[in-house]
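Some notes on the structure that comes next.
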Amino acid sequence: MKIAVYGATGMIGSPIAAEAAKRGHEVTSVSRSGSLVQGTTSSATAEFGDMHAYRALARANDVVVFSVPPPRTGDSHQGFLDAHEEISETLVPARVFVVGGAGATEADGVRLSEIPGFPKENLAEARTMGKVLDFYTSASGLDWTMLAPAPVITLGEPTGSIALGNDSPAGQKVTTGDFAVAVLDELEVPEHPHRRFTVASA
3 MKIAVYGATG MIGSPIAAEA AKRGHEVTSV SRSGSLVQGT TSSATAEFGD MHAYRALARA
63 NDVVVFSVPP PRTGDSHQGF LDAHEEISET LVPARVFVVG GAGATEADGV RLSEIPGFPK
123 ENLAEARTMG KVLDFYTSAS GLDWTMLAPA PVITLGEPTG SIALGNDSPA GQKVTTGDFA
183 VAVLDELEVP EHPHRRFTVA SA
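If you use this note's numbering, the sequence shown corresponds to residues 3 to 204, in order.
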């Protein structure tokens with residue numbers, strides 16, 4: 003399988019790219035710097051939201067993974083939202099896989115970001131990722147999946163045991179290694195087309 007990973011140099015994107023390469027897939031690491039991630043087949047330089055570059059990558063690959071968070075510098079999230087909205091409305095031959103946010107998952111049908119006591123410092127990002135999910139759930143004809151982590155995600159190798167959920171957290175913690183395993187398991191054997199699911203370290 004040919005897989006392009008946006009954010010392949012990041013905390014979550016890097017383990018995804020590494021796991022895909024370890025399983026023998028052809029992996030293109032996509033970043034603003036164009037850095038070649040160890041183990042990947044090739045690299046591409048692209049800004050998130052550059053639709054010309056995205057369409058080209060979507061033609062050349064079976065899957066495009068987006069592991070790109072919204073700005074965490076206090077800058078506006080509007081450009082990030084506009085990019086995801088356009089991606090969700092653009093039909094491409096590749097499958098689209100989006101790394102979601104834990105704050106947009108649910109407890110008893112209510113998003114965690116809207117429950118009293120949710121950390122204020124994480125609120126803007128959580129609400130942004132909720133809007134991103136809404137774009138994809140409203141999409142028509144696009145082959146997409148979103149995976150959201152447990153509320154706490156930490157750097158770490160695969161533990162060998164993961165738990166999956168639907169719209170609610172599957173547990174309290176997940177390592178980046180376990181998250182990457184869940185991504186590749188889904189890409190190799192799709193079980194959650196056109197929906198969001200969740201993962202935790204079991």
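Virtual Cβ for every residue (Gly too), placed ideally from N, Cα, C.
query: Alpha-carbon to alpha-carbon, residue 78 and residue 194; result: 31 Å
query: Exposure of residue 114, with buried meaning 16 or more beta-carbon neighbours within 10 Å; result: buried
query: Proximity of residue 166 and residue 99 at Cβ, strictly below 8 Å; result: no
query: Span of the alpha helix (DSSP H), counted from its first residue to its last, around residue 178; result: 178-190
query: CA-to-CA distance, residue 104 to residue 116, given in whole angstroms; result: 12 Å
query: Three CB pairs or more closer than 8 Å across the region 65-72 and the region 4-16; result: yes
query: Span separating the alpha-carbon of residue 158 from that of residue 31; result: 20 Å
query: Contacting residues, own chain, Cβ-Cβ under 6 Å from residue 160 (five flanking each side not counted); result: 179, 180 and 183
query: Expected contact under 8 Å - CB spacing of residue 107 and residue 200 to nearest Å; result: 6 Å
query: Among 91, 126 and 52, nearest to residue 137 - alpha-carbon criterion; result: 91
query: Within 8 Å, strictly: CB atoms of residue 53 and residue 27; result: no
query: Residues near residue 150 by beta carbon distance below 7 Å, same chain, minus five either side; result: 102, 103, 104, 106, 107, 198 and 200
query: Residue from 147, 153 and 174 whose Cα sits closest to the Cα of residue 192; result: 147
query: Cutoff 7 Å; reference residue 36; Cβ partners in own chain excluding five residues on either side; result: 45, 46 and 47
query: Outcome for residue 139 when other beta-carbon atoms lying within 10 angstroms are tallied against a minimum of 16; result: exposed
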